[in-house]
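With our numbering applied, the sequence shown closes on residue 1429, and no number is skipped along the way.
Working notes, structure below.
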Amino acid sequence: MKFKCERDTLISALSRAGRAVTTKAGPVVGLSGVLLELSGDSLSITGSDVDLTISDRITVSGVENGGALVQARLLTDIVRSLDLGAVEVDFEDQVLKVRAGRSEFSLRTMPASDFPRIPLLGEATVTVDGQALVGGLRQVVSAAGRDESRPVLTGVLLTAFGGGLRVVATDSYRLAQRDLTSVSMEVGDKGVLVPSRALEEVARLVVGDVRVGVQLDENTVLFEVGETRLSARLINGDFPSYEGLIPTDHPNRLVVDRKALLDAIRRVRLLALAQVPMRVSMQAGGLTLSARAQDVGEATEEVAASYEGEDLVIAFNAEYLHDGVEALDGEEIVLLTADKLKPALLRSPEEDDFLYVLMPLRIT
C-alpha cells in the first residue's frame, strides 16, 4: 500500500474513525488499531470496538493498493505532529512508513486478520433531515445512563410516533423525550434501542444542512453522513414503560427566563459538590437557588420569575437540572411541580414536542 495525502485530510479521517477504537485492554489486540484500506485513489479508515464501528473514506493520490492495521492513537498523534502539507504513507514488510518534509516514522503493524470483520450494512434505505435528527439527539442523549451494569438504560429509544420519530432516554433519575415530526424511519412496533454513545458520534458527524442515511436490521443500525459510515450494535432488552413516569398532576407553575436561570444554576452549582443538592425555593415573585457544602461554603442567588402555587422548596441534582434547562429551546421555560417528593416537569411554552422529567432529591 502506498499513497500521498494532505495532512489535515488524513487527520480528520483518523480522528473520526479513532473515536470508535476501544481504549480498554482486551483479548482482541486488533481493536486498538485502525484499518487502512486503499483501492485506487480511495482510502478507507475504520475503527471499531465491536459494538461501534466508524469507517471514513477520503480521496488520496494512490500508488499501490493494499491494507494495514496500525495503532490508532499513535498514528493519529504522529500525523497531527507533522508540518502542514503532503504526507506520504508506504506499507511494506509489515512496517508502515510515514513521511512529511524531513520527518520519517516507521511503525510496526498488526496482522490485518486481527481486526474483526464487522459487517457494515449495505446502502441506507432511508434518508432523514440531519439537522432535525441532531436537534432531537442533542436534547435527549445526555439523559441516558452511563452505568454499564444496566445496559438498557444506556440506550436511547427510537420509536414511531404520529408519523414521525420519538426519541427517549432515561437513567431512572431523569427522562428526556423529543418528538421529531419531520423525521421518519421504520423502527418496528416496539422501537429500537441504540447505544447513546453511537448517537453522540452521529451528532458529531452532522455539520451543516445534510441528509443522514439510515438502515436497520434485527441487530444493527447504520448511519451514513457524507463519506462516513457508522454502524452500532442495538441493545437487547425492554426499555422501561416511560409514559407512566411523566407527571400529569402539577398544580405549581413557574415561568422564568431560560438564560437567567441557566446562568444562576451555573454559578450556584459551583457549591453543589458531589452529592450536595441544589435547592429551588419558589414563591410569589420569583425563586431562589441555593447550595451548601459542609466545611466548604454556600451559595445563594435569586432569579425573577412568575410563580403560581403554594410556596415550595424542592431539591435537584445540580447537573441534571442544568442539563434539562440547557436542552430546552426558547426564551422562557416552565417548571411544573406537585410537591417536594414528586417528579418535576420542565417544558418550554414555545415547544410542545420536548419535555424533561426530573426526580427530586430528599432534603432535611
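In this text, a Cβ means the ideal position worked out from N, Cα and C, and glycines have one as well.
Original post:
Between the C-alpha atoms of E1416 and R1318, what's the straight-line distance to the nearest angstrom?
Top reply: Translated into positions along the sequence shown, residue 1416 becomes position 351. Translated into positions along the sequence shown, residue 1318 becomes position 253. About 16 Å.
Original post:
Under a three-way DSSP split, which group does P1176 fall into?
Top reply: Locating residue 1176 in the sequence shown gives position 111, where the first residue counts as 1. The answer is coil: DSSP assigns P1176 none of H, G, I, E or B.
Subject >> L1230 versus T1224: straight-line alpha-carbon distance, rounded >> reply: For the purposes of this step, residue 1230 is taken as residue 165 along the sequence shown, with counting starting at 1. For the purposes of this step, residue 1224 is taken as residue 159 along the sequence shown, with counting starting at 1. When rounded, the distance between both Cα atoms is 6 Å.
**OP:** Mind checking which residues open and close the beta strand (DSSP E) that includes T1224?
**Re:** Within the sequence shown, numbered from 1, the residue matching residue 1224 stands at position 159. Its beta strand (DSSP E) spans residues G1220 to F1226.
Subject >> Status (buried if at least 16 other CB within 10 Å, exposed otherwise) for T1293 >> reply: Within the sequence shown, the letter at position 228 stands for residue 1293. With 16 or more Cβ atoms within 10 Å of its Cβ, T1293 is classed as buried.
Original post:
If you check the beta carbons only, do L1100 and I1143 fall under 9 Å apart?
Top reply: Within the sequence shown, numbered from 1, the residue matching residue 1100 stands at position 35. Within the sequence shown, numbered from 1, the residue matching residue 1143 stands at position 78. Their beta carbons are not under 9 Å apart, which means L1100 does not touch I1143 by this criterion.
Subject >> Residues that DSSP places opposite D1212 in a beta bridge >> reply: As a first step, residue 1212 must be located in the sequence shown, where it is residue number 147. According to DSSP, D1212 bridges with nothing at all.
**OP:** Could you check which residue in Y1238, D1158, E1153 and S1077 has the C-alpha nearest to that of L1410?
**Re:** The residue labelled residue 1410 in the question sits at position 345 within the sequence shown. The shortest Cα separation from L1410 among Y1238, D1158, E1153 and S1077 belongs to Y1238.
Original post:
If you check the beta carbons only, do L1281 and V1206 fall under 9 Å apart?
Top reply: Along the sequence shown, read from residue 1 onward, the residue named residue 1281 stands at position 216. Along the sequence shown, read from residue 1 onward, the residue named residue 1206 stands at position 141. Not in contact: L1281 and V1206 (Cβ atoms no closer than 9 Å).
Subject >> Between the CA atoms of S1120 and D1111 - distance to the nearest angstrom >> reply: Here the question's residue 1111 lines up with position 46 in the sequence shown. Here the question's residue 1120 lines up with position 55 in the sequence shown. Residue identity check: residue 1111 is Thr in the sequence provided, not Asp. A direct Cα-to-Cα measurement between T1111 and S1120 gives close to 4 Å.
Original post:
Taking the C-alpha atoms as reference points, what is the distance between D1236 and T1219?
Top reply: The residue given as residue 1236 occupies position 171 in the sequence shown. The residue given as residue 1219 occupies position 154 in the sequence shown. The alpha-carbon atoms of D1236 and T1219 are separated by roughly 7 Å.
Subject >> Three-way DSSP call (helix, strand, coil) for I1076 in this model >> reply: Start at 1 with the first residue of the sequence shown, and residue 1076 comes out as number 11. Looking at I1076 - three-state DSSP - the assignment turns out to be helix.
Subject >> Beta-carbon contacts of D1418 that lie in its chain and below 8 Å, excluding the five residues immediately before and after >> reply: For the purposes of this step, residue 1418 is taken as the residue at position 353 of the sequence shown. Correct list, in chain order: R1243, D1244, L1245 and T1246.
Subject >> Where the beta strand (DSSP E) through E1366 begins and ends >> reply: For the purposes of this step, residue 1366 is taken as the residue at position 301 of the sequence shown. Looking at the DSSP string, the run of the beta strand (DSSP E) that includes E1366 is G1362 to E1373.
Original post:
Given that a residue counts as buried once 16 or more other Cβ atoms are within 10 Å of its Cβ, and exposed if not, what is E1363?
Top reply: As a working mapping, residue 1363 is identified with position 298 in the sequence shown. E1363 is exposed by the Cβ-count criterion.
**OP:** Can you tell me which of the three DSSP states E1292 falls into?
**Re:** Here residue 1292 refers to the residue found at position 227 of the sequence shown. E1292: coil per DSSP, three-state reduction.
Original post:
When the Cα atoms are used, what is the spatial distance from E1213 to A1325?
Top reply: Mapped onto the sequence shown, residue 1213 falls at position 148. Mapped onto the sequence shown, residue 1325 falls at position 260. Cα to Cα, E1213 sits roughly 35 Å from A1325.
**OP:** List the DSSP bridge partners of P1260.
**Re:** Reading the sequence shown from its first residue, position 195 is the one you call residue 1260. DSSP, once it has assigned bridges, lists G1220 as partnering P1260.
Original post:
Exposed or buried, what is L1401 when buried is set at 16 or more other beta-carbons lying within 10 Å of its beta-carbon?
Top reply: Mapped onto the sequence shown, residue 1401 falls at position 336. When all chains shown are included, L1401 counts as buried.
Original post:
Hey, how far is the Cα of L1327 from the Cα of R1344?
Top reply: Taking the sequence shown and counting its residues from 1, one reaches residue 1327 at position 262. Taking the sequence shown and counting its residues from 1, one reaches residue 1344 at position 279. Cα to Cα, the separation comes out at about 14 Å.
Subject >> Closest residue to D1106 among R1211, G1150, N1130 and L1420 (Cα-Cα distance) >> reply: Position 41 of the sequence shown holds residue 1106. For D1106, the nearest C-alpha among the options comes from N1130.
Original post:
For the stretch 1133 to 1150 against the stretch 1071 to 1084, are there 3 or more C-beta pairs whose distance is under 8 Å?
Top reply: yes
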